[in-house]
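Undergrad: Dropping a structure here in structure tokens format, bear with me for questions.
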Amino acid sequence: MSRPVAIVPAAGSGVRMGGGEPKQFREIGGVPILLRTLTALRDAEVFERIIVAVSDDERARVEAWVREIPGLVCVTGGEERFHSVKNGLDAVDGEGEGVPGVIPTVPGTGSPGSDDERVVLVHDGVRPFVTAREIVEVVAAAERDGAAIVCSQPVETVKSLGEGGGIVETLDRERVRLAQTPQAFQTGLFHEAYMRAESETYVGTDEASLVERLGYVVSVVEADRWNIKITTPEDFELAEWILKERR
Ligand code: C5P
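In terms of the numbering used here, the sequence shown opens at residue 13 and continues consecutively.
Pasting the structure below:
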């Protein structure tokens, strides 16, 4: 099996953050969030390459990080997260674009092959507190089971709404999970899931949902406490606090 490759969608415009610079480029503790996320992936020492989907406007700045993040490759993001990850997936086996001259830069990895059994891991550019434990376990679970994602268990009681917006059912908390990233898949399965989704014009809000639609059962890795997705200005304050107090 070839070494895993990471895909980091980071081409969002950050509307929920209130406009301005996209949130993945705002700094926490003086370092851009996206660079912190890429550093966490690098430090897990798992990946042959780390493919980042960014907007064309941000590309030059991210490409310059290759000195700190060996194996970094940039691709252009798409209209929705689904398309950004797809552009990354196309680059895994060298079909897509990349940055000429910087692939791959991890010593001893050789050239990328089109090995269907390789694991690809997708991780949001705005989850900088992912741990090496989460990364290593989700990759191992995907190598074993084909597909695995990091999830948290809700502390609240989870309700399901009917058509009119009122509550019609209480779900068994032991049997629900909140999907986070990283999410990891064997490439053959992932390509098949993308082909099916494209043929049915389904885009989804995470990658596992594409695989579930094939009838495939996705394995669960329990999340650590601080793997938050920085989405709103309040999350930004929480992230500064996590950085200072919890790491
Ligand atoms: O908007 P949301 O918080 O769901 O974004 C999750 C991740 O997907 C972010 O890192 C964002 O930059 C990325 N994204 C992307 N391409 C898009 C939209 C979002 O890469 N078109």
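All residues carry an ideal CB built from backbone N, CA and C; glycine is no exception.
Output the boundary residues of the beta strand (DSSP E) element that contains residue 171.
TA: Note, residue 171: beta strand (DSSP E), 171-173.
Undergrad: Roughly how many whole angstroms lie between the Cα atoms of residue 226 and residue 183?
TA: In a straight line, the C-alpha of residue 226 is about 24 Å away from that of residue 183.
Undergrad: Are the C-beta of residue 98 and some C-beta of chain B separated by less than 7 Å?
TA: No chain B appears in this structure, which consists of one protein chain only.
Undergrad: Is it the case that the CB of residue 136 approaches a heavy atom of ligand 1 more closely than 6 Å?
TA: Checking the Cβ of residue 136 against ligand 1 gives yes.
Undergrad: Which same chain residues end up closer than 8 Å to residue 154 when comparing Cβ atoms and leaving out the 5 residues on each side of it in sequence?
TA: Around residue 154: 131, 133, 160, 196, 197, 198 and 231.
Undergrad: Check whether the Cβ of residue 185 sits closer than 6 Å to any heavy atom of ligand 1, and report yes or no.
TA: No, ligand 1 has no heavy atom inside 6 Å of this Cβ.
Undergrad: Just mark residue 124 as buried or exposed, buried being the case when its beta carbon has 16 or more other beta carbons within 10 Å.
TA: In this prediction, residue 124 scores a pLDDT of 40, lower than 50, which makes its location untrustworthy; no coordinate-derived value is stated.
Undergrad: Ignoring anything shorter than 3 residues or poking outside the region 130-185, list the beta strand (DSSP E) runs there in chain order.
TA: Taking only runs of at least 3 residues, the beta strand (DSSP E) segments lying wholly in the region 130-185 are 131-134, 159-164, 171-173 and 179-182.
Undergrad: Are there any heavy atoms of ligand 1 lying less than 6 Å away from the beta-carbon of residue 48, as far as the coordinates show?
TA: Incorrect: residue 48 has no Cβ contact closer than 6 Å to ligand 1.
Undergrad: At which residues does the alpha helix (DSSP H) containing residue 204 begin and terminate?
TA: Looking at the DSSP string, the run of the alpha helix (DSSP H) that includes residue 204 is 199-211.
Undergrad: Within the region 14-72, note down every full alpha helix (DSSP H) run reaching 4 residues or more, in order along the chain.
TA: 45-55, all fully within the region 14-72.
Undergrad: Give me, in chain order, the residues of the same chain whose beta-carbon lies closer than 7 Å to that of residue 242; leave out the 5 immediate sequence neighbours on both sides.
TA: These residues qualify, in order along the chain: 35, 45, 138, 248 and 251.
Undergrad: From 235, 40 and 65, pick the residue whose C-alpha is nearest to that of residue 20; which is it?
TA: Measuring from the Cα of residue 20, the nearest candidate turns out to be 65.
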